[in-house]
Ligand SMILES: [Zn+2]
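In the working numbering, the protein residues as written are 85 to 182.
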């Protein structure tokens, strides 16, 4: 008999313990211990923990994109101003002399 009943793989509230998550992750697809698989299919919290590897998530690392260089920023600013000026000139021509 090698039937797994959960045991130390489920905690008091019925969620997977780190050992349970390790067991699910170690098992081949479709062959995770049944009580664990049944709980996992119904518990988003355990699904997330299983996907994260059973370890508590550390602070999320965000890599910020580098700022554009000052020269490029100036070119963008000038292009923006030119577009606005062209728009205003066109608008004035379209509205016609009063
Ligand atoms: Zn759970």
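C-beta atoms are modelled at their ideal positions from N, C-alpha and C, and glycine is treated no differently.
Between residue i and the rest of its own chain, which residues show a CB-CB distance below 7 angstroms, the 5 nearest in sequence each way excluded?
i: residue 98; result: 123
Please confirm if residue i has its CB atom under 8 angstroms from at least one CB of chain B.
i: residue 164; result: Here there is only one protein chain, and chain B is not present.
Residue i: buried (16+ other C-beta within 10 angstroms of its C-beta) or exposed?
i: residue 171; result: exposed
i: residue 91; result: exposed
What residues in its chain sit with their C-beta under 8 angstroms from that of residue i, if we drop five residues either side in the sequence?
i: residue 111; result: 117
Residue i lies in the alpha helix (DSSP H); which residues open and close that run?
i: residue 172; result: 154-179
Is any heavy atom of ligand 2 found at a distance shorter than 7 angstroms from the C-beta of residue i?
i: residue 159; result: Here the bound small molecules are ligand 1; ligand 2 is not part of this structure.
Enumerated in chain order, which unbroken segments of the alpha helix (DSSP H) with a length of 4 residues or greater are wholly contained in the stretch 87-141?
Qualifying alpha helix (DSSP H) stretches, in chain order: 102-110, 118-126, 128-135.
Residues whose Cβ lies closer than 7 angstroms to any heavy atom of ligand 1, in chain order:
Result: 98, 99, 100, 123, 127, 129, 130.
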